Amino acid sequence: MEVLAVLNLGDFAQVFSKMGMFPVFDLAYYIVSILYLKYEPGSVEVSRKSPVASWLCAMLYCFGSYILADIMLGSSPIDYFQYNSHILLASAVWYLLFYCPLNLFYKCVAFLPVKLVLVALKEVVRTRKIAAGVHHAHHAYHHGFFIMVFVGYVKGSGVALISNFEQLLRGVWRPDTNEILNMSFPTKASLYGAILFTLQEAHWLPVSKSTLILIFTLFMATCKVVMTARHSHGSPFALIESWVCHLLFGSPLGGSEEDHHHPPASVPSSPLKTKEELSEGTRKRKVKKAE
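Counting from 1 along the sequence shown, just add 278 to a position and that's the residue number in my numbering.
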């Protein structure tokens, strides 16, 4: 405790938890989200054939968690679209990523050092969304702890949970990519984070919300930056989950971790590359052939 007092962790956590997300952090969130959309097979072709469908997919990638959480809490699913500045900012990012001349904007944000910074900033927003979702559900259902977990979970990973609907907008149907069946690291982390914030909201976790936000943000940002830098699609939870599942459910030890962004069927999976990058490599080869 003396070390924490010397470092003024409590004061720093308080300032960090009250820091505004718009526009810097939200901009990073939109860039990374739509960047992952561009990695998806067929997304560039859809942007040429139907810009409206491409824009809707981009909005789902940016605001899908808000839409799904509003539906769960009985609010209008289009409530978030009243924030014109957010919609315009996300739309500008979508346009630059898909239609910028010479693909310059994409090349800049996909440059690894820049991408690592953007990924870290995105996790700041994800943590804040999980905490806000749990807090919002707590006001609506004071003792509905499962509802708090569900809403916080959806706020943190709603984009992945409605990915199948987004695929339909692009004219693709891949039920094997269901996020519940193949949970990626961000989806699992959002679930665990929602549980932690629910315990804190119920005063069962002896830590302040601001400190929990800071610690969980550091954990998420570090994991995602390291995974992105190493082109890894594994999960830091894999070892613990394998033992727990073997103990409780009789599942075999080990098992492969699947990432949300799957490569095309024609590209073999590689343990050294993420599926986003496999999809990106396929798209680049198609562009070169077209040139």
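Every residue gets a Cβ at the ideal spot worked out from N, C-alpha and C, and that includes glycine.
Please read these numbers as outputs of a predicted model, since none were measured by experiment.
- Cys523 sits in a helix when the DSSP states are folded into three classes.
- Between the stretch 434 to 446 and the stretch 372 to 379, the count of C-beta pairs closer than 8 Å stays below three; the two stretches do not touch.
- Residue burial annotation: Trp372 is buried, with at least 16 other C-beta atoms found within 10 angstroms of its C-beta.
- For His414, the three-state secondary structure derived from DSSP is helix.
- In the displayed model, Leu351 falls within coil according to three-state DSSP, outside both helix and strand.
- Secondary structure at Lys296: coil, using DSSP grouped into helix, strand and coil.
- Comparing C-alpha distances from Ser363 to each of Ser328, Met297, His511 and Asp304 shows the shortest one belongs to Asp304.
- Per DSSP, His420 lies in no alpha helix (DSSP H) segment and is marked neither H nor E.
- Put simply, of Gly422, Tyr339, Tyr314 and Lys487 the residue whose alpha carbon is nearest the alpha carbon of Gly436 is Tyr339.
- About 7 Å separates the beta carbons of Ser513 and Lys466, which is inside the 8 Å limit, making them a contact pair.
- Met297 and Lys327 have their alpha carbons spaced roughly 40 Å apart.
- A Cβ-Cβ contact shorter than 9 Å links Ala331 with Gly449.
- Cβ neighbours of Asn456 within its own chain (closer than 7 Å, five residues either side excluded): Asn442.
- Between Ser369 and Gly434 the beta-carbon gap is near 23 Å, outside 8 Å, which marks them as no contact.
- Its Cα nearest to that of Ile440, the residue Met461 stands out among Val427, Met461, Ser520 and His420.
- Taking Leu399 as reference, the option from Gly352, Phe423, Thr495 and Leu346 with the minimal CA-CA separation is Thr495.
- In the three-state DSSP reduction, Glu323 falls in the helix class (H, G or I).
- A distance of 9 Å or more separates the beta carbons of Leu351 and Ala306.
- For Asp304, the uninterrupted alpha helix (DSSP H) segment begins and ends at Val302 to Tyr317.
- Here DSSP, grouped into helix, strand and coil, assigns Cys378 to coil.
- Between the stretch 514 to 522 and the stretch 418 to 434, the count of Cβ pairs shorter than 8 Å is below three; the stretches do not touch.
- Within the same chain, Cβ atoms closer than 8 Å to the Cβ of Tyr419 are found at Ile425 and Met426, the five residues on either side in sequence being excluded.
- Taking 9 Å as the cut-off, the Cβ atoms of Met505 and Arg406 do not count as close.
- When DSSP states are grouped into helix, strand and coil, Gly342 belongs to the helix group.
- Taking the C-beta atoms as reference points, Phe463 is found no nearer than 9 Å to Cys523.
- Contact between Val412 and Ala499 fails: their C-beta atoms lie close to 19 Å from each other, not under 8 Å.
- Between the alpha carbons of Leu390 and Phe359 lies a distance of about 31 Å.
- Residue state for Phe383 is assigned as helix, using DSSP reduced to three classes.
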